[in-house]
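Heads up, the thing below is written out as C-alpha cells.
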Amino acid sequence: MTDKTATLADAHFVRAAERFEHSPISQQLAALTDQVFPLLSLSKAQHWLDFGAGTGAVSVPLAAQVQQVTALDTSAAMLSKLIDKNIANIATLEQDIFCGLHDVYDGVISSMALHHVADIEKLLTCMHQCLHQGGQLALVDLYQEDGSFHGDNAGKGVVHFGFAPQQLLEIAQRVGFKDLSYREIFNIEHKNGRRYPLFVLLGRA
Ligand SMILES: C[S@@+](CC[C@H](N)C(=O)[O-])C[C@H]1O[C@@H](n2cnc3c(N)ncnc32)[C@H](O)[C@@H]1O
C-alpha cells in the first residue's frame, strides 16, 4: 500500500469495524472457511498467520483447528472486535506485514485482504519468508471485477479490482512457492444484484 492508500484504508476500517460482521457480505463470508479448510492439512500442532485478519472471520474458526493463530492487521479498530472475543489461542498483531515478522509459521491464510495491497510480489515474498519449508499458503480474494464490488474503491483503500488467479499463481511461483493451484471457492451475492466469485490460491513454501 502507498502511505495515502494505507491511510484511506485505515480510516475506512475505523468506520467499518463496528458494523463489519453484520454486513450482508460478511454474513455470507462466514461460510467461507467450511469450503477452504477441507483443502488444507490442519493440525493441533500448527501455528498459522491470518493476514488482514480483521474481526476474525477466518482466525476464529481456524483457532479451533490449530494450536495458535496470529491475527495480523493494520487496523486497531478491526482487531479490537477480535480481541473482544477473548479466544485464548489467538494473538493479535497490529502492524503492517511489511514491517517484518519475528515468527515462522506452518501456514499463512488470508481472506479479502490482498486487494488492499499494491505490491503483491512483495507481499508474497514476505509470506514465503515467514513460512517453514513446506508451510501452507491459502489466499482468498475476488476474481477480477469492474470496481463495482466496493463502489468507493479509493475511499476504502482498494487498489486491485480483484485478481486473475493465474497471474497471482505466476507471481507466487516466482517468489518460491510450489504445488500451486487455484479454484473458484465461493460466490458473494451483492446488494447490487450481481454475483462476485472468489478464488482460493493454494501452495506450499
Ligand atoms: C475486507 S477486510 C477482511 C477481514 C477478514 N479477513 C475477513 O475476511 O472478514 C481487509 C482487512 O485487511 C487489513 N489490511 C489491509 N492492508 C493490510 C496490510 N498491509 N497489513 C495488514 N493488514 C492489512 C485491513 O485493515 C482489513 O482489516
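Each residue of the sequence shown is one higher than the one before, starting from 5 at the first, in the working numbering. Where a beta carbon is used, it is the ideal one built from N, C-alpha and C, also for glycine.
Exercise for the section: Determine the burial state of Leu43: buried for a count of at least 16 other Cβ atoms within 10 Å of its Cβ, exposed for fewer. Expected result: For the purposes of this step, residue 43 is taken as the residue at position 39 of the sequence shown. Result: exposed.
Practice task
Per DSSP, which residues does Ala95 bridge with? Please list them.
Solution key: For this step, residue 95 is matched to residue 91 along the sequence shown. Bridge partners of Ala95: Thr74.
Exercise for the section: Check whether the Cβ of Ala92 sits closer than 7 Å to any heavy atom of ligand 1, and report yes or no. Expected result: As a first step, residue 92 must be located in the sequence shown, where it is residue number 88. Relative to ligand 1, Ala92 has its C-beta separated by 7 Å or more from all heavy atoms.
Problem - Contact shell at 6 Å, judged by CB to any heavy atom of ligand 1, ordered along the chain - result: This selection yields Met5, Ala13, Phe17, Ser30, Leu33, Gly56, Ala57, Gly58, Ala61, Val62, Leu76, Asp77, Thr78, Ser79, Met82, Asp100, Ile101, Ser115, Met116, Ala117, His120 and Val121.
Problem - Given 8 Å, three or more beta-carbon pairs between the segment 81–93 and the segment 101–108 - result: At 8 Å Cβ cutoff, the stretches do not touch.
Problem - Spatial distance of Asp156 from Ala13 (CA atoms) - result: Counted from its first residue, the sequence shown places residue 156 at position 152. Counted from its first residue, the sequence shown places residue 13 at position 9. Cα atoms of Asp156 and Ala13: separation of roughly 11 Å, rounded to the nearest angstrom.
Exercise for the section: Starting from the C-beta of Leu66, find all residues in its chain whose C-beta is less than 8 Å away, skip the five residues before and the five after it, and write them out in chain order. Expected result: Locating residue 66 in the sequence shown gives position 62, counting from the first residue. Result list for Leu66: Thr37, Phe41, Leu46, Trp52, Asp54, Val73 and Ile113, in chain order.
Problem - CB contact check: Gly111 to chain D, cutoff 8 Å - result: Looking for chain D here will not work: only one protein chain is present.
Exercise for the section: State the beta-bridge partners of Ala122 as determined by DSSP. Expected result: To locate residue 122, count along the sequence shown from 1; it is residue 118. According to DSSP, which records beta bridges pairwise, Ala122 is partnered with nothing at all.
Handout entry: Buried versus exposed call for Asp77 [16 or more other C-beta atoms within 10 Å across all chains shown]
Key = In the sequence shown, the residue the question calls residue 77 occupies position 73. By the neighbour-count rule (16 or more Cβ atoms within 10 Å), Asp77 is buried.
Practice task
Flag this pair as yes or no: are the beta carbons of His132 and Asp110 separated by less than 8 Å?
Solution key: As a first step, residue 132 is located in the sequence shown; it is residue number 128 there, counting from the start. As a first step, residue 110 is located in the sequence shown; it is residue number 106 there, counting from the start. Going by C-beta atoms, His132 is not nearer than 8 Å to Asp110.
Handout entry: Beta-carbon spacing of Leu141, Phe167 below 8 Å
Key = Locating residue 141 in the sequence shown gives position 137, counting from the first residue. Locating residue 167 in the sequence shown gives position 163, counting from the first residue. Against a cut-off of 8 Å, the Cβ pair of Phe167 and Leu141 comes out as no contact.
Exercise for the section: Would you kindly work out how many angstroms separate the C-alpha atoms of Ala61 and Ile101, rounded to a whole number? Expected result: Taking the sequence shown and counting its residues from 1, the one referred to as residue 61 is at position 57. Taking the sequence shown and counting its residues from 1, the one referred to as residue 101 is at position 97. One C-alpha to the other measures close to 19 Å.
Problem - 8 Å Cβ cutoff met for Val64 and Gln50 - result: Taking the sequence shown and counting its residues from 1, one reaches residue 64 at position 60. Taking the sequence shown and counting its residues from 1, one reaches residue 50 at position 46. For the 8 Å CB-CB criterion, Val64 and Gln50 do not form a contact.
Handout entry: The beta strand (DSSP E) enclosing Val144, as first and last residue numbers
Key = Numbered from 1 along the sequence shown, position 140 holds the residue referred to as residue 144. Per DSSP, Val144 belongs to the beta strand (DSSP E) from Leu135 to Leu146.
Exercise for the section: Taking only runs that begin and end inside the segment 167–191, name each unbroken alpha helix (DSSP H) of 4 or more residues, in chain order. Expected result: Qualifying alpha helix (DSSP H) stretches, in chain order: 169–178.
Problem - Whole-Å CB distance - Ala95 paired with Leu83, under 8 Å assumed - result: Residue mapping note: residue 95 aligns to position 91 of the sequence shown, counting from 1. Residue mapping note: residue 83 aligns to position 79 of the sequence shown, counting from 1. Your pair Ala95 and Leu83 does not check out as a contact, with CB atoms roughly 11 Å apart and the cut at 8 Å.
Exercise for the section: Kindly indicate the opening and closing residues of the alpha helix (DSSP H) around Val64. Expected result: The residue you call residue 64 lines up with position 60 of the sequence shown. In this chain, the alpha helix (DSSP H) harbouring Val64 covers Ser63 to Ala67.
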